[in-house]
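A quick write-up on the structure given underneath.
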Amino acid sequence: MDAKQEAQEALTKKNKLIKEYHGKILGEVGAIHNTVLRDYLNATPDVREKTRILKQWNSMVMDYTNGLAVLKQGIDGADKIIKG
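Going by our numbering, the sequence shown opens with residue 1452, and the numbers climb by one from there.
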């Protein structure tokens, strides 16, 4: 097996693992974060504070989503390089 075949097999394995675990991780972390956020908002009587927290939360979600998009671009770029 040559180096290019080995790289392609490693890339395939990596992509499979990312797909398999990414959804699981997002689901678990998302559920925990949503529970914490809900509990905090329910315990906060001040509407301005709730608004501030939700804006900050939305900003963090957008940062995370953008980070995932950049990661996907990097993975796709590596796929193209290895596949030639």
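Glycine residues also receive a C-beta, built at the ideal position from the N, C-alpha and C atoms.
Keep in mind the model is a prediction, meaning the values are calculated, not measured.
I need the DSSP call for D1497, collapsed to helix, strand or coil.
coil
Is L1488 near K1501, with beta carbons less than 8 angstroms apart?
no
To the nearest whole angstrom, what separates the beta carbons of L1462 and D1527, a pair I think is in contact under 8 angstroms?
So it is not a contact: roughly 11 angstroms between Cβ atoms.
Inter-residue CB distance, K1534 and Q1459 (contact presumed, cutoff 8 angstroms)
7 angstroms
Distance, R1499 Cα to K1465 Cα:
45 angstroms
With DSSP collapsed to three states, give me the class of D1530.
helix
Specify the secondary structure class of K1490 as computed by DSSP and reduced to three states.
The identity of residue 1490 in the sequence shown is Asp, whereas the question assumes Lys. In the structure shown, D1490 sits in a helix (DSSP, three-state: H, G or I).
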